[in-house]
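J.: Heads up, the sequence shown is in numbering that gives the first Met the number 0, so the first residue is 0 and it goes up one at a time. C-beta atoms are modelled at their ideal positions from N, C-alpha and C, and glycine is treated no differently. Predicted model only: the values in this text are computed from it and were never measured. One structure is given below, represented as structure tokens, and several questions about it will come after.
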Amino acid sequence: MNPVQGVDLAFWYILGVSVFLLFGITIVMVYFVVKYRRSKNPVASDIRDNYKLEIFWTIIPTLIALSMFYVGWTSYMGLRTVPDGALEIEVEAQMFSWIFIYDNEKESENELVVPQGRAIKLNITSTDVLHSFFLPAFRVKVDAVRGMKTYAWFFADDLGDYDIQCTEYCGMGHSEMLAKLHIVSEKEYLTWLEEESD
Ligand SMILES: [Cu+2]
Numbered sequence: 000m001n002p003v004q005g006v007d008l009a010f011w012y013i014l015g016v017s018v019f020l021l022f023g024i025t026i027v028m029v030y031f032v033v034k035y036r037r038s039k040n041p042v043a044s045d046i047r048d049n050y051k052l053e054i055f056w057t058i059i060p061t062l063i064a065l066s067m068f069y070v071g072w073t074s075y076m077g078l079r080t081v082p083d084g085a086l087e088i089e090v091e092a093q094m095f096s097w098i099f100i101y102d103n104e105k106e107s108e109n110e111l112v113v114p115q116g117r118a119i120k121l122n123i124t125s126t127d128v129l130h131s132f133f134l135p136a137f138r139v140k141v142d143a144v145r146g147m148k149t150y151a152w153f154f155a156d157d158l159g160d161y162d163i164q165c166t167e168y169c170g171m172g173h174s175e176m177l178a179k180l181h182i183v184s185e186k187e188y189l190t191w192l193e194e195e196s197d
């Protein structure tokens with residue numbers, strides 16, 4: 000599964016369970032408040048040691064929590080497992096822009112150009128302070144740390160332009176630390192790659 004779908008599935012699953020429980024618990028609570036109000040039920044019953052009930056309300060929430068963990072974990076593994084043959088590009092964060100370095104030493108600033116139909120692996124680092132590489136359309140968000148290599152990957156499936164932002168407050172120019180991802184055809188990519196860096 001493409002990690003984008005994996006992350007979305009985890010999001011909707013957890014949201015769905017949460018909304019279901021919110022309404023389920025609220026409805027039951029309101030029903031009990033009305034049904035067991037003091038005028039109708041003056042003496043409260045004192046129920047103790049109902050083992051069946053206690054086992055039930057321990058096991059069911061445990062299974063729900065584990066199922067949320069499972070969808071979260073599998074989607075996370077999707078984000079962390081880079082397919083073989085991914086195209087690797089170096090990413091350097093600096094105050095306040097993104098530098099992308101390609102195989103043939105070509106560098107571009109704030110413009111990441113990749114060919115359609117390929118898995119792209121980004122090897123991310125920072126030349127100064129902490130930054131964070133955020134590519135929301137592909138559910139990618141990874142810290143850029145000086146002296147450390149982190150990575151992210153995504154599958155370049157649809158042609159188009161996508162936003163890249165720094166999402167770790169890194170100084171006065173943080174809000175202008177924006178870049179664009181351009182997914183272009185293989186041919187366009189190769190032409191662009193051979194152009195002189197500006
Ligand atoms: Cu930054």
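(1) What does DSSP give as the partner residues of N122 in its beta bridges?
(2) Is A92 close to ligand 1? I mean its beta-carbon at under 7 Å from any heavy atom of the ligand.
(3) From what residue to what residue does the alpha helix (DSSP H) around E187 run?
(4) Starting from K140, trace the beta strand (DSSP E) in both directions and tell me its first and last residue.
(5) Under 8 Å between the Cβ atoms of G77 and P2?
(6) Ordered along the chain, which non-local residues of its own chain (more than five positions away) have a Cβ less than 7 Å from that of G172?
(7) Along the alpha helix (DSSP H) that carries P60, what are the first and last residues, could you check?
(8) With H, G and I counted as helix, E and B as strand and the rest as coil, what does DSSP make of Y12?
(9) With 16 other CB atoms within 10 Å as the buried threshold, where does G5 fall?
(10) Measuring from the CB of M171, is there a heavy atom of ligand 3 at a distance below 7 Å?
(11) Kindly indicate the opening and closing residues of the beta strand (DSSP E) around D160.
(12) Kindly indicate which three-state DSSP category A136 falls into: helix, strand or coil?
(13) For a test of the three-state rule: what should DSSP assign to P114, helix, strand or coil?
(14) If you follow the beta strand (DSSP E) that I100 is in, where does it begin and where does it stop?
T.: Per the coordinate set shown:
(1) Position 123 of the sequence shown holds residue 122. Its beta-bridge partners are E89, Y150.
(2) On the sequence shown, residue 92 is found 93 positions in, with the first residue counted as 1. Yes.
(3) Numbered from 1 along the sequence shown, position 188 holds the residue referred to as residue 187. Per DSSP, the unbroken alpha helix (DSSP H) holding E187 starts and ends at 185 to 193.
(4) Taking the first residue of the sequence shown as 1, we reach residue 140 at position 141. Looking at the DSSP string, the run of the beta strand (DSSP E) that includes K140 is 139 to 143.
(5) For the purposes of this step, residue 77 is taken as the residue at position 78 of the sequence shown. For the purposes of this step, residue 2 is taken as the residue at position 3 of the sequence shown. Yes, these two residues count as a Cβ contact at 8 Å.
(6) Residue 172 sits at position 173 when you count from the first residue of the sequence shown. The answer, listed in chain order, is M94, F95.
(7) For the purposes of this step, residue 60 is taken as residue 61 along the sequence shown, with counting starting at 1. From DSSP, the alpha helix (DSSP H) with P60 extends over 50 to 79.
(8) In the sequence shown, counting from the first residue as 1, residue 12 sits at position 13. Helix, per DSSP.
(9) The residue labelled residue 5 in the question sits at position 6 within the sequence shown. Looking at its Cβ environment, which holds 16 or more other Cβ atoms inside 10 Å, G5 is buried.
(10) Looking at this structure, you won't find ligand 3 anywhere; what it does contain is ligand 1.
(11) Taking the first residue of the sequence shown as position 1, residue 160 is located at position 161. Its beta strand (DSSP E) spans residues 159 to 165.
(12) Taking the sequence shown and counting its residues from 1, the one referred to as residue 136 is at position 137. Looking at A136 - three-state DSSP - the assignment turns out to be helix.
(13) Locating residue 114 in the sequence shown gives position 115, counting from the first residue. Here P114 sits in strand by DSSP.
(14) Here the question's residue 100 lines up with position 101 in the sequence shown. Start and end: 96 to 100.
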